[in-house]
Amino acid sequence: MFLDEHQVSNIALLARIAINQKDIGDYTQDLSNILTLIDQLQNAPTANISPLSNPLEQSQRLRPDTVTETNQRDQFQCHAPLTEQGLYLVPRVIE
Amino acid sequence: MHRKTLADIAQGLAQKEFSSVELTENYLRRIAEFDRTLNSFITVLPEHALAQAKQADQLRAQNKAGPLTGVPIAHKDIFCTTGIKTSCGSKMLDNFIAPYNATVIEKSHAAGLVMLGKTNMDEFAMGSSNENSFYGPVKNPHDLNRVPGGSSGGSAAAVAAGLAPAATGTDTGGSIRQPAAFCGITGLKPTYGRVSRWGMIAFASSLDQAGPMTQTAEDAALLMNVLAGFDAKDSTSIHKPSEDFTAKLKTSLVGKKIGLPRQFFAHNMDSAIESAIQNALKDYEKLGVTLVDIDLPTTDLAIPAYYVIAPAECSSNLSRYDGVRFGYRCKNPADLEDLYMRSRGEGFGHEVKRRILIGTYVLSAGYYDAYYVQAQKVRRLIKQDYEQAFRQVDFIAGPTTPTTAFPLNNKNVDPVTMYLNDIYTIAVNLAGLPSISIPCGMSQQLPIGLQLIGNYFSESDLLNAAHRFQQTNDWHKQLLTQSIR
Amino acid sequence: MSWETVIGLEVHVQLSTASKIFSGSSTAFGAEPNTQASLIDLGMPGTLPVFNEEALRMAVKFGLAIDAHINRRSVFDRKNYFYPDLPKGYQTTQLHHPIVENGYVDIPLETGGYKRITIIRAHLEEDAGKSLHEDFHGFTGIDLNRAGTPLIEIVSAPEISNAKEAVAYLKIIHSLIRYLGISDGNMAEGSMRCDANVSVRPVGQKELGTRTELKNINSFRFVERAINGEVERQIDLIESGGKVIQSTRLYDSHKNESRLMRSKEEANDYRYFPCPDLLPVVIDDPYIQAIREQLPELPTQKAHRFQSDYQLSPYDAELLVSSRELADYYEQCLNTAPVDAKLVANWVTGALLAALNKETIDITQCPVSPQQLNGLVTRISDNTISGKIAKTVFDALWAGASSADEVIAQQGLKQVTDSGAIQALVDEVIANNADQVASYRAADDAKRKKMLGFFVGQIIKASQGKANPQQINQLLIDTLEKH
Chain A
1 MFLDEHQVSN IALLARIAIN QKDIGDYTQD LSNILTLIDQ LQNAPTANIS PLSNPLEQSQ
61 RLRPDTVTET NQRDQFQCHA PLTEQGLYLV PRVIE
Chain B
1001 MHRKTLADIA QGLAQKEFSS VELTENYLRR IAEFDRTLNS FITVLPEHAL AQAKQADQLR
1061 AQNKAGPLTG VPIAHKDIFC TTGIKTSCGS KMLDNFIAPY NATVIEKSHA AGLVMLGKTN
1121 MDEFAMGSSN ENSFYGPVKN PHDLNRVPGG SSGGSAAAVA AGLAPAATGT DTGGSIRQPA
1181 AFCGITGLKP TYGRVSRWGM IAFASSLDQA GPMTQTAEDA ALLMNVLAGF DAKDSTSIHK
1241 PSEDFTAKLK TSLVGKKIGL PRQFFAHNMD SAIESAIQNA LKDYEKLGVT LVDIDLPTTD
1301 LAIPAYYVIA PAECSSNLSR YDGVRFGYRC KNPADLEDLY MRSRGEGFGH EVKRRILIGT
1361 YVLSAGYYDA YYVQAQKVRR LIKQDYEQAF RQVDFIAGPT TPTTAFPLNN KNVDPVTMYL
1421 NDIYTIAVNL AGLPSISIPC GMSQQLPIGL QLIGNYFSES DLLNAAHRFQ QTNDWHKQLL
1481 TQSIR
Chain C
2001 MSWETVIGLE VHVQLSTASK IFSGSSTAFG AEPNTQASLI DLGMPGTLPV FNEEALRMAV
2061 KFGLAIDAHI NRRSVFDRKN YFYPDLPKGY QTTQLHHPIV ENGYVDIPLE TGGYKRITII
2121 RAHLEEDAGK SLHEDFHGFT GIDLNRAGTP LIEIVSAPEI SNAKEAVAYL KIIHSLIRYL
2181 GISDGNMAEG SMRCDANVSV RPVGQKELGT RTELKNINSF RFVERAINGE VERQIDLIES
2241 GGKVIQSTRL YDSHKNESRL MRSKEEANDY RYFPCPDLLP VVIDDPYIQA IREQLPELPT
2301 QKAHRFQSDY QLSPYDAELL VSSRELADYY EQCLNTAPVD AKLVANWVTG ALLAALNKET
2361 IDITQCPVSP QQLNGLVTRI SDNTISGKIA KTVFDALWAG ASSADEVIAQ QGLKQVTDSG
2421 AIQALVDEVI ANNADQVASY RAADDAKRKK MLGFFVGQII KASQGKANPQ QINQLLIDTL
2481 EKH
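Residue numbers (our numbering), protein chains in the order written: chain A, 1 to 95; chain B, 1001 to 1485; chain C, 2001 to 2483.
Below is the structure:
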């Protein structure tokens, strides 16, 4: 299964990963090879088989509704890239 | 001293042959001397370790020591450690000081283990050679021109070289077992849900498990006693009654059955490996084990299924690395999109990016059913295969890897070729089963690993089988005694 | 061209749990930025979610209240996209297997009667954080206190036909969630948010027109305006040859218009897949039954019961049950001592609500207690005071007086019922208004009825409002007849 560079660029955009022009060819080749590998799944005998997500097929445990966390903002923000007045800052977003 | 096992050390400390401080200083010296060559540690913690060692000695003086109090250990740099750099082998987290402890770390501290440092690893646990680390490749102590395996390559190399008596690793497709095989040590991947994933930086959530990497099966059992257990903070953690994993070590293996999958042995494996495995199986027969031919028809589907599921989960798990709240942020982002694109483009290495891209693709509209859902269905088929097999046998055996440690910078070229090396280990993660790799031979001075797979929650039985084997030979002692040049 | 409107509503309701859906952080409103954002809420490496049992219970409660199917097995999915208020880069929600499916509510129509609106699904999900765009010199500030708050998203079928129906639907939902105690439904604070999917099509056309999604509607008043505005915009657009593009529009209540929103995710490919850190939520019949047994009486049932038990009109019943607290107030009043249920209803829906609205306070802050109201109405029913005087007493109670009896005694408001006294007043007024009396006698029956009011008014005035109106009426007519 082959991808072209345009498709790879789109995937990279969805994943928010910048790929240099000089590397796009390599990524395209690598991804195409991987897809060829995983295409082997298409012939697997999966009729009437339901998907398996968690290997032990457990079900979700519930947690009591109690407040257990305290304010640790300073500790969490001391190594953050950019903060001001307790807020995380990112370049201005226009909605 | 550095060849002492955890069991030896525990006994030595108890009998006051040496102190934890002496022991720790010894390992720190060895690390200082040899790790520039091996590069198995990302962060060494001399002050922290010695402080812990001192405290351990004090506890022992007060007769308050537990079985492993004061025993040094190295932790894979995937476990969050409060106030200490936790990089996951990546530039993305090069500046990350974890604000909390992983449960594995908490339990280790509570048991009195002394943390020597954080070991090198393939970035975000993605890789089989430890060449995908931001901090440079790790060398195999048996041959410095070869890889130690990955992603827990640093832990494996450190134990093999006697820089730590034991270490923790994680295994998503073989990342404990394969480096254990390449470096000639013992590595156990527990049943999914046995060891808490809280604080263990996620790669593929439904596949990841933490486990011990040690010199012997007995040591692995000792360490499992520390690491295993239900954790309410991990929704996938399993409730099992408390278990002493050393209790059954010496049990006789008479009457046990080992299954040999036709599909494993039909594959191309190194002839030296094949003969080492056959010899190991003969040893097991001498221990009273019966060998049974079995079928695992889905064997060849495991790699494709894994390389859909693992990248899919990781593509989502790694979305949080966006330069906003922690980790690497690119310089002078022009706008929000630029912040994301360049922080992630610059912060992640190639293998990680490849897997995120594949994962993104297989989850995307139009491909989700054909790839992801299909892979999940195949996963069920694989699980059924193993369940069927375990109705007939107690363990399934085979080589851990098709080759011995390959040279650095060799297979690194083509990702798919690299992936195909996971053929024996990978299905185990898909099914969530426990599995152990133990040394069973050498080929041109490179270790060979035998893998045993057990049924769900049968770690004690696996460790028993491994221990009895280790009592009949010295393969697990073929570790470095000479200095590393 | 005749147009019809098709509206579907998505309502996000913040559940009033103490802690967040997947972490133990507080959900309290108004805290300093990022002081209620734990490791899990921040999406720190290595963190994992654990599911809040109360959020589940609340979702099931809601499902039962709308007579929906409760899925015994529901699954959390990840909705993947990048936005700074979404710390993990995905929102945990429920796509394929929501907890609640196929319910309905009946909305009262202005024209009378009810219309059933199907609720396709209601599912659990986590809220995102908040972005503050204004104050940071070229930067946007992110506050993650809200990230992880439990939400249920309630999705209606596109069965709503106009803005008024939309408002009626929202009011029912609002009332229901408050009745169930699962949310305070405060639109201004964001604990109930409404997005409207609006499309138009020529009358008779089967296919739906292209829809737009309206966001940022945060009051019932704005709902009506925003929807009507959008319908108009779409019709104008199509009639002038344009085409409606499927898009999201942000409503601006100041300008009363909507504008195209810059989309958060260019290619809206959310790549949903089951969250591997969470397991399927499996519940059984006993669990659901236990919740069913604890359901409070719901508005619809209560309204029916009020009509049958208290002979109230549908309108009055609906009004009284619109808030659980109001309905409780009403019944507490009735239960104090035997009293005329309809009369109490009139007082509650009339004077009491008016007074509450005037001071913009809630029934829970009402200064007149149900017991005090009972006392007042009792004194009307037993003719101690007239209806008119009762208003004075009410005002006094509102201002802090302790009981109707006390006010009546203190201000000497007892109704005059002595026929002799009233007759005297009748005679006095007749004597003083000879011209009007003459006109009255000359008029026909219909006109007489109208003119009676003048005399009655005069007599009431002369008695300082204390004369019993029925007696006035009777004696007046008799007296006028006699002459």
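Glycine included, each C-beta is placed from N, C-alpha and C at the ideal position.
Is residue i helix, strand or coil by DSSP?
{"i": "B:Thr1043", "result": "strand"}
{"i": "A:Gln85", "result": "coil"}
{"i": "C:Thr2417", "result": "coil"}
{"i": "C:Val2011", "result": "strand"}
{"i": "B:His1267", "result": "coil"}
{"i": "B:Gln1062", "result": "coil"}
Taking the CB atoms as reference points, tell me whether residue i and residue j lie closer together than 8 angstroms.
{"i": "C:Leu2413", "j": "C:Ala2462", "result": "no"}
{"i": "C:Ala2147", "j": "C:Gly2063", "result": "no"}
{"i": "B:Pro1067", "j": "B:Ala1010", "result": "yes"}
{"i": "C:Leu2397", "j": "C:Gln2365", "result": "no"}
{"i": "C:Gly2030", "j": "A:Leu87", "result": "no"}
{"i": "C:Asp2127", "j": "C:Thr2149", "result": "yes"}
{"i": "C:Phe2082", "j": "B:Asp1035", "result": "no"}
{"i": "B:Pro1072", "j": "B:Pro1165", "result": "yes"}
{"i": "B:Thr1246", "j": "B:Leu1227", "result": "no"}
Rank the options by C-alpha distance to the C-alpha of residue i and give the top, closest one.
{"i": "B:Lys1076", "options": "B:Asp1474, B:Ser1175, B:Leu1318, B:His1467", "result": "B:Ser1175"}
{"i": "C:Val2344", "options": "C:Leu2326, C:Lys2449, C:Ile2361", "result": "C:Leu2326"}
{"i": "B:Ile1493", "options": "A:Gln60, A:Gln85, A:Leu52", "result": "As shown, chain B starts at 1001 and ends at 1485. That puts residue 1493 of chain B outside it, with no answer to give."}
{"i": "A:Ile19", "options": "B:Asp1369, B:Ala1166, B:Ile1356", "result": "B:Ile1356"}
{"i": "C:Ile2021", "options": "C:Glu2125, C:Leu2086, C:Thr2035, C:Val2011", "result": "C:Glu2125"}
{"i": "B:Gly1150", "options": "B:Phe1096, B:Ala1221, B:Cys1183", "result": "B:Cys1183"}
{"i": "C:Gly2113", "options": "C:Ala2168, C:Ile2066, C:Asp2085, C:Ser2131", "result": "C:Ala2168"}
{"i": "C:Val2377", "options": "C:Ser2402, C:Gly2400, C:Val2348, C:Ala2355", "result": "C:Val2348"}
{"i": "B:Met1269", "options": "B:Pro1399, B:Pro1261, B:Ala1217", "result": "B:Pro1399"}
{"i": "B:Gly1349", "options": "B:Thr1216, B:Ser1443, B:Ser1040, B:Tyr1328", "result": "B:Tyr1328"}
From which residue to which residue does the alpha helix (DSSP H) around residue i run?
{"i": "B:Ala1158", "result": "1153 to 1160"}
{"i": "B:Lys1250", "result": "Per DSSP, B:Lys1250 belongs to no alpha helix (DSSP H) and is neither H nor E."}
{"i": "B:Ile1453", "result": "No alpha helix (DSSP H) contains B:Ile1453, which is instead part of the beta strand (DSSP E) from 1446 to 1454."}
State yes or no: is the beta carbon of residue i nearer than 8 angstroms to at least one beta carbon in chain A?
{"i": "C:Asn2268", "result": "no"}
{"i": "B:Gln1374", "result": "yes"}
{"i": "C:Thr2140", "result": "yes"}
{"i": "C:Ala2337", "result": "no"}
{"i": "B:Met1341", "result": "yes"}
{"i": "C:Leu2276", "result": "The sequence given here has Pro at residue 2276 of chain C, not Leu. Interface residue, yes."}
{"i": "C:Thr2300", "result": "no"}
Between residue i and chain C, is there a C-beta pair that is closer than 8 angstroms?
{"i": "B:Glu1313", "result": "yes"}
{"i": "B:Gly1325", "result": "Rather than Gly, the amino acid found at residue 1325 of chain B in this sequence is Arg. It does; some Cβ of chain C falls within 8 angstroms."}
{"i": "A:Glu5", "result": "no"}
{"i": "A:Pro55", "result": "no"}
{"i": "B:Leu1433", "result": "no"}
{"i": "A:Phe76", "result": "yes"}
Is there a Cβ from chain B that is less than 8 angstroms from the Cβ of residue i?
{"i": "C:Asn2080", "result": "yes"}
{"i": "C:Glu2265", "result": "Summary for C:Glu2265: the model assigns pLDDT 44, below 50, so the residue's position carries little reliability; its value from the coordinates is reported in the next sentence. So, not an interface residue."}
{"i": "A:Thr46", "result": "yes"}
{"i": "C:Leu2095", "result": "no"}
{"i": "C:Tyr2179", "result": "no"}
{"i": "A:Asp30", "result": "yes"}
{"i": "C:Gly2046", "result": "yes"}
{"i": "C:Val2050", "result": "yes"}
Which residue marks the beginning of the beta strand (DSSP E) containing residue i, and which one marks its end?
{"i": "B:Cys1088", "result": "Segment: none, B:Cys1088 is in no beta strand (DSSP E) and carries neither H nor E."}
{"i": "B:Met1115", "result": "1114 to 1119"}
{"i": "C:Asn2133", "result": "Note that residue 2133 of chain C corresponds to His in the displayed sequence, not to Asn. It spans 2130 to 2136 - the beta strand (DSSP E) in which C:His2133 sits, taken as one unbroken run."}
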